[in-house]
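Q: So that we are looking at the same thing, I have put the structure below in structure tokens.
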Amino acid sequence: MKRFAGFAIGVLALCAIVLADNALLINGAGATFPYPIYSKWFDVYHTKNPNFQFNYQSVGSGAGIKQVTEGTVDFGATDGPMNDDQIKAFQEKHNGTGILHFPTVLGAAVPTYNVEGVTGSLNFTPDALAGIFLGKVTKWNDPAITSVNKGVNLPAADILVVHRSDGSGTSYIWTDYLSKISEEWKSKVGKGTSVNWPTGIGGKGNEGVTGSVKTTPNTIGYVELIYAVQNNIPYGAVKNSSGNFVKADLGSVTAAAAGAAKEMPDDFRVSITNAPGKAAYPISSFTWLLIPQKVQDTGKRDAIKGFLSWMLTDGQGSVEALSYAKLPKEVVEKEKKAIKNIQ
Amino acid sequence: MTGRLRWRKFVSNFMLAMTGVCAFVSVLVLFFILGYLVFNGGTSINWDFFTKLPKPVGEAGGGMANAIVGSGKILLLASLMGVPIGFLGGIYLAEFSGKGMASVVRYAADLLNGVPSIVIGIFAYSLVVLPFKHFSAYAGAFALGIMMIPITLRSTEEFLKSVPRMLREGAMALGASKWKTIASVIVPAAYRGILTAILLALARVAGETAPLLFTAFGNRFESHGWSQPTATLPVMIYTYAVSPYDDWHRQAWAAGLVLLGLVLIINILARTILSRGFAIPRS
Amino acid sequence: MATTTTALKGAGPVTGSRSFFAKLRDGDEIARLITLIFATTVVLITAALVWELWVNSALPREKFGFHFFVTSVWDPIMDQYGALPFIYGTMVTSAVALIIAVPLGIGAAIFLAELAPPRVSDTLQFFIDLLAAVPSVIYGLLGVFIIVPVMRTVIYPALNKPFGYLPIFKGPSYGVGFLTAGIVLAIMVIPYIISVSREVLLSVPRDQREAALALGSTRWESTWKVVVPFAKTGIMGSIFLALARALGETMAVTMVIGNTPKIAASLFAPGYSIAAVIANEFTEATGDLYLQALIALGLVLFLLTFILNGLARLLIVVTTQKGSEVGG
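Residue numbers (my numbering), protein chains in the order written: chain A, 1 to 343; chain B, 1001 to 1283; chain C, 2001 to 2328.
Next up, the structure:
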């Protein structure tokens, strides 16, 4: 018994020594939407600055907001900006200091599907999308879909809807769009990170939805563009407010942000779904890092500020390779000034 | 008469054969699981798997070094938390307690044993994560440690009680005080059984995922010390399995094989120790 | 009167109480106190757990009262929470699991207890114990990659085409759903049914069997009509134990159930269980009511497993005692 105890203590001590390191660990959690670019950024940043380790857990925007409010992580990430109630809740838990939103990239939520025999890009009207997710358009060969996809052989199979099971910024973007183009959706379901979906199964994270669509025939889901691209699953074009069917890509997402860039509010909370513009992709969005206004640990504070500056300059160089669009110049300039607000 | 008897005999043989089928099917499942894991995960177990950190999303390669170390750390700490409580509590039940106190403690232990692991996770979150404001290895260890207590407690009590009276009485006749009897005679006599129980408790919590979801959370890097979020093998398997990336699936299989291998080895070890007898043989 | 020799430390006179400090000097009292403290810790931890669950689920109790159990809406935006879909999902998947596992498990237990020679029986039991040790997330892994595709390509067509008019087999299949989760759970609980049933069957006294055989019954008849009924309370206990395990299963279920808080009659429909929703939504429940609603679900789960485990233990003890009382 004594020998065992001594052995255990020895091992513990060894562990503590061996694993003790000088690197400062900064913890974050949140959206799965930008996870591919964040994981790349944090990896690259760590190689450039070995003293800092940014540990980001892709658990969904809802969890990101909650954990940064509770203070169990140093920063959060979300594609659905915090609403006023959530910001107030944060202030109450943190002695009145606030939380800041920093846009990082522009991305797009795309309708991705797995239909037998269909390998190309399908066109979706706003009404079709609303109908599908409301559970009213139930078959792939429904006129709402076939009428805008002439020449494509759509089967008479049931549409299986896949949505998010966790609190998701991607869901926020999707439901925000649906609320704008469908009165019925707005009154029946509403927008949010976690809604009462009328139909479908839930996948965990963008990863889970992609996985479900990839493996289950006749499904449709919504994911961030890069997930569809990286996994070689087809995604459709959506009819924008000018009447054009636009597929999500760097150009169409940047076009969607053009208007907002000029009129960006000071707190950076803005929605660009169903944006005007001939070439705009209607389901685009910024995604934000949530940084507390006051960071207690000076080491962490400087690390975060350093990362943000890097992200706005060098970091933007690697986003297009992963199909995210760069932030508009005006937004970058505004953010650089806003970094000073972090104390 | 003989016709009816023949039918009854036929039914008898048939039904008994069916029970044999049931038994073999049940056992076959174990080998199927093992085989499938070896087949799918075996090829992915290479040096990288054990030594490298995870790569960014979508990039192939990388390993689970941090998860393996993280699991090891948490299990070690969980044992240090749970085993002494269970062991010493078991001694109390077997050697010192009166009937009333004993049944209360036993009841509490049985209750704790039946609590679903996700609920233990909730408990650990409210008690250890929230007040300290971060996810940590010791929060995870706390949750797992609690789960180890009931098995250790009940087994310690059982095995201590089953030590032959003659050993006890002999020691006391020689004038040893009670605690000395326990420490130098009874516990060593029962050590095999107790060790088995500890190993089985360890095997049980080694595979637990749910309580770690909101205590240890997760980490892409090595976790230093005990107060940082920590990657663990079961949580990594879960994360990778529900993702769409084939490379991650491959790694999930490999991790599953490692985890299952670990759990089975501990189990087999424990049962082998126990089958050799739980008390020192009378020479 | 013989005086105690000084060499015997601590061996004072047997009669008469010694002073507290004398006992303390022994070290016995210290040992007793130390072990008592640890034993009390166990009780304290359990009490703290129950207390935390109760206290931290006060809000939904105040707001919804009993309606919490019978509402089926789970809407975080409107802050409306009802437990019914999760209770339903937990019950349905467990029921499916038992329907599959009980016949298989009892059959296997009968084989191991009655037919197999002791060495074969012990070896097979050894493997079955190992099956019980397989972690839940591994079952989840196999569920996602093996059972879900099989469900979609083999089981669903086999059941839906001929029987699709029945409510339980209606509708499309995603591969995930109640039936898939039930199958995975069945595999997980079979070992519990087998080991406990085998134990209780073995404890049935020999003369019960021998009497039946002497009266001219076949082997099967003596087993099924005499031995099993004798042990039936214990076997019931094993079923309750298996049920308790199935109710609390988290990872394997959440990977194959479909994560949809809806009540549906079809076994192919996606659903949700109490443990799965806690695992998925706990870290992101913003707002106190949301979080406490999840904790309330945890409390419900805890109470269910508590009652089942208690009943199980009672039934098993009663049977094994009966066996030793009746003779043999």
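Glycine included, each C-beta is placed from N, C-alpha and C at the ideal position. In this text, all values refer to a predicted model and were calculated from it rather than measured experimentally.
Can you list, in chain order, the stretches of the beta strand (DSSP E) that have 3 or more residues and sit fully within the stretch 257-335 of chain A?
A: Runs of the beta strand (DSSP E) inside the stretch 257-335 of chain A: 284-292.
Q: Look up L1264 of chain B in the DSSP assignment and give the residues it is bridged to.
A: Answer is none; L1264 of chain B lacks a bridge partner.
Q: For A156 of chain A, does the three-state DSSP call read helix, strand or coil?
A: Looking at A156 of chain A - three-state DSSP - the assignment turns out to be coil, as it is neither helix nor strand.
Q: Taking V1011 of chain B and W2220 of chain C to be in contact with their CB atoms under 8 Å, please state how far apart those CB atoms are, rounded to whole angstroms.
A: Right, the Cβ-Cβ distance comes to about 6 Å (below 8 Å), so this counts as a contact.
Q: Is Y2165 of chain C buried or exposed, if buried means 16 or more other CB atoms sit within 10 Å of its CB?
A: Burial call: exposed.
Q: What in chain B is Cβ-close to E2199 of chain C, meaning under 7 Å?
A: Per Cβ cutoff of 7 Å: no residues; E2199 of chain C is ~15 Å from chain B at best.
Q: Could you tell me the distance, in whole angstroms, from the CA atom of F268 of chain A to the CA atom of G2248 of chain C?
A: Approximately 44 Å between the Cα atoms of the pair.
Q: Straight-line CA distance for M2251 of chain C to I2274 of chain C?
A: Going from the Cα of M2251 of chain C to the Cα of I2274 of chain C covers about 12 Å.
Q: Please confirm whether L160 of chain A has its beta-carbon closer than 8 Å to some beta-carbon of chain C.
A: Yes - at least one Cβ of chain C is within 8 Å of the one on L160 of chain A.
Q: From the beta carbon of F1050 of chain B, is the nearest beta carbon of chain A less than 8 Å away?
A: Output row for F1050 of chain B: interface = no.
Q: Report the residue ranges of all beta strand (DSSP E) runs contained in full by the stretch 63-111 of chain A; include only those spanning at least 3 residues, in chain order.
A: If we require 3 residues or more, the beta strand (DSSP E) runs fully inside the stretch 63-111 of chain A come out as 75-78.
Q: State the DSSP-derived secondary structure class of R2245 of chain C, mapped to helix, strand or coil.
A: It is helical.
Q: Please list the segments of the alpha helix (DSSP H) lying wholly inside the stretch 2174-2224 of chain C, counting only runs of 4 or more residues, in order along the chain.
A: 2178-2202, 2206-2214, 2219-2222, all fully within the stretch 2174-2224 of chain C.
Q: Give me the subset of the stretch 2046-2058 of chain C whose CB atoms are less than 9 Å from a CB atom of chain B, sorted by chain position.
A: Those residues of the stretch 2046-2058 of chain C that come within reach of chain B (Cβ to Cβ, closer than 9 Å) are T2046, A2047, A2048, L2049, V2050, E2052, L2053, N2056.
Q: Does the contact criterion of 3 or more C-beta pairs under 8 Å hold for the stretch 110-118 of chain A versus the stretch 318-328 of chain A?
A: Contact between the stretch 110-118 of chain A and the stretch 318-328 of chain A is absent, because fewer than three Cβ pairs lie under 8 Å.
Q: For a quick check, are the C-beta atoms of G80 of chain A and V253 of chain A less than 8 Å apart?
A: Contact: no.
Q: Using Cβ-Cβ distances below 7 Å, what residues of the stretch 1051-1064 of chain B are close to chain A?
A: Correct list: P1056, V1057, G1058.
Q: Starting from the C-beta of K1161 of chain B, find all residues in its chain whose C-beta is less than 8 Å away, skip the five residues before and the five after it, and write them out in chain order.
A: The residues are A1094.
Q: For the structure I just gave you, are there three or more beta carbon pairs, one from the stretch 122-134 of chain A and one from the stretch 165-172 of chain A, closer than 8 Å?
A: Short answer: they don't touch.
Q: Looking only at its chain, what residues have a beta carbon closer than 7 Å to the beta carbon of P217 of chain A, apart from the 5 residues adjacent to it on each side?
A: So the list reads N114, E116, once near-sequence residues are dropped.
Q: Keeping to the same chain, check which residues put their C-beta closer than 8 Å to that of L2308 of chain C; ignore five residues upstream and five downstream.
A: F2240, L2241, L2243, A2244, L2247.
Q: According to DSSP, W2074 of chain C sits in a beta bridge with which residue or residues?
A: DSSP, once it has assigned bridges, lists C:Y2081 as partnering W2074 of chain C.
Q: Looking at the structure shown, is Q53 of chain A part of a helix, part of a strand, or coil, going by DSSP?
A: Three-state DSSP puts Q53 of chain A in a strand.
Q: Classify P34 of chain A as helix, strand or coil using the three-state DSSP reduction.
A: Looking at P34 of chain A - three-state DSSP - the assignment turns out to be coil, as it is neither helix nor strand.
Q: Quick one: what's got a C-beta closer than 6 Å to L1212 of chain B's C-beta in the same chain, skipping five residues either side?
A: G1140, T1232, V1235.
Q: How would you label I2030 of chain C, buried or exposed, when you count the other beta carbons within 10 angstroms and need 16 or more for buried?
A: Exposed, by the Cβ-count rule.
Q: Give a yes or no on whether the C-beta atoms belonging to A1254 of chain B and G1041 of chain B are separated by under 8 Å.
A: It is a contact, given that the beta carbons lie within the stated cut-off.
Q: So the alpha helix (DSSP H) V1069 of chain B belongs to, where does it begin and stop?
A: First-last of the alpha helix (DSSP H) with V1069 of chain B: 1065-1091.
Q: What number of angstroms, rounded off, separates the C-alpha of F1221 of chain B from the C-alpha of A157 of chain A?
A: Cα to Cα, F1221 of chain B sits roughly 45 Å from A157 of chain A.
Q: Going by other Cβ atoms of all chains shown within 10 Å of its Cβ, with 16 needed for buried, is V2073 of chain C buried or exposed?
A: V2073 of chain C is exposed by the Cβ-count criterion.
Q: Does the beta carbon of F1217 of chain B come closer than 8 Å to any beta carbon on chain A?
A: It does; some Cβ of chain A falls within 8 Å.
Q: Does DSSP put G2105 of chain C in a helix, in a strand, or in coil?
A: Of the three classes helix, strand and coil, the one that applies to G2105 of chain C here is helix, per DSSP.
Q: Three-state secondary structure (DSSP) at R164 of chain A?
A: Strand.
Q: Please state whether DSSP places F124 of chain A in a helix, a strand or coil.
A: F124 of chain A falls in the strand class under three-state DSSP.
Q: Using a beta-carbon distance below 8 Å, is D2075 of chain C in contact with chain A?
A: It does: the Cβ of D2075 of chain C has a partner Cβ on chain A nearer than 8 Å.
Q: For chain C, is any of its Cβ atoms less than 8 Å away from the one on T32 of chain A?
A: No, T32 of chain A does not count as interfacial toward chain C.
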